[in-house]
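Participant:
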Amino acid sequence: MKKLLQSDAFKNFGSSAIAILIGLLIGAVVIFISNSSEALDGLRTLLAGPVEDGMLGIGRVLYYAVPIIMTGLSVGFAFKTGLFNIGTPGQFIIGAFAAVYVGVKWTFLPGSIHWLVAILAAFAAGGLWAVIPGVMKAYLNVNEVISSIMMNYIGMYLVNYSVSLVLFDALRNQSLPVASTAVIPKMGFDKIFTGSPANGGFVIAILFVILIYIILNKTSFGYEMKACGFNKDASKYAGINEKRNIILSMVIAGALAGVGGGLLYLSGSGKFIEVVDVLPAEGFNGIPVALLGLSNPIGVLFAGLFIAYLNVGGNAMQQFGFIPQIVDIIISCIIYCSALSLMIKVWLSKRRKTKELGTAKKEGE
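My numbering numbers the first residue of the sequence shown as 813 and each following residue consecutively.
#1: In chain order, what residues of the same chain lie with their CB nearer than 7 Å to the CB of Val873, ignoring the 5 residues before and after it?
#2: Would you kindly work out how many angstroms separate the C-alpha atoms of Gly1207 and Lys892, rounded to a whole number?
#3: Do you know offhand how far Val1087's Cα is from Ala1065's?
#4: For Lys949, is the classification buried or exposed, using 16 other Cβ atoms within 10 angstroms of its Cβ as the cut-off for buried?
#5: By how many angstroms is the C-alpha of Ile961 removed from the C-alpha of Val1112?
#6: Just curious, the alpha helix (DSSP H) that Ala950 is in, first and last residue?
#7: Which residues bound the alpha helix (DSSP H) around Pro1109?
#8: Mind checking who Phe980 pairs with in its DSSP beta bridge?
#9: In terms of residues, what are the limits of the alpha helix (DSSP H) holding Met867?
#10: Cys1149 to Ala930, Cα distance in whole Å?
#11: To the nearest angstrom, how far is the alpha carbon of Ile834 from that of Cys1145?
#12: Can you name the start and end residues of the alpha helix (DSSP H) that Asn1097 belongs to?
#13: Is Val1178 near Gly915, with beta carbons less than 8 Å apart?
#14: Would you mind working out which of Gly894, Ile838, Ala860 and Ser828 sits nearest Leu1028, comparing C-alpha positions?
#15: Could you tell me the boundaries of the alpha helix (DSSP H) in which Glu864 lies?
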């Protein structure tokens, strides 16, 4: 029991749990300040609304979780390899466009593989879009944060232009609907979560979680990627190709974000690419998911479900006059508390090591 309490996994879980609790408490205060007369009903709806709706509410949570799990994996994978992939919104929308294009135009494909090819197109497009910041980082040492932010807006405007050129529904200012064969199969979710938009995309997201976990923790390739992130000089001395790993890390991260876009727009839930100058929120939401999940693929899965749960509850709160941005405030508080708890944990760890070193010196004297 003592070993469990002292383990890094337990400490990481504890820090995230405390951050969530503090964030929810701050959110409760904000709710009471904004509308005290409906505060209790609003808070109850936020925390229990999705469950009170039964399988329908849970299905909505799974649906909203899929894209942010994928973008969370994208950000988390890059974090693990020493990179900050803030280009997820651009990779997300580029992947979405590739998937929708295949879904609309490639109707010659057999129905059984049409949706799968569309997802593979999203995977490839997201990965290719991340090559540019990866190459710039590897060979020119350009900060990936700056280059990937620039690529976000280039991607957004490129997709807007491309949709207007080849996939445009002029009446609705959005992309055309994909063929029915390109819609991700329900895989039984329509029977379990009747009436909800949940589909097989959640299964695909879980498969990617397992795949990334295995790559990072069970393969020499993943070890090399993490080694470059921990200490580039040491990994270079050990014969690891640093430049190759930087590029591959960004490509894999971009591909994951691209798949997230494909899974959202192939869900058959009435989601279309709108021709507006706004980056997709799902791309940015991957950052708090990765931070809350401590960049661990399993942690990202549960963090994505938690954030999606709050979003569904936040949408239901609007019936009591609350604005949905309250959920953003709560999530922001949770992230700040997560960062603070990690700082405290690092400080305590250094303090403990200093004490142990001092004790060892005294014993040596």
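Using N, Cα and C, we set each Cβ at its ideal position, and we do this for glycine too.
Facilitator: The relevant details are as follows:
#1: Pro862, Leu1117, Ala1120, Tyr1121 and Val1124
#2: Any answer about residue 1207 is impossible in this case: the structure gives the chain only from 813 up to 1177.
#3: 25 Å
#4: buried
#5: 22 Å
#6: Gly923 to Leu952
#7: Pro1109 to Met1129
#8: Ser987
#9: Met867 to Lys892
#10: 39 Å
#11: 8 Å
#12: Ala1093 to Leu1104
#13: With the chain represented from 813 up to 1177, any question about residue 1178 goes unanswered, as that position is not in the structure.
#14: Gly894
#15: Ala851 to Glu864
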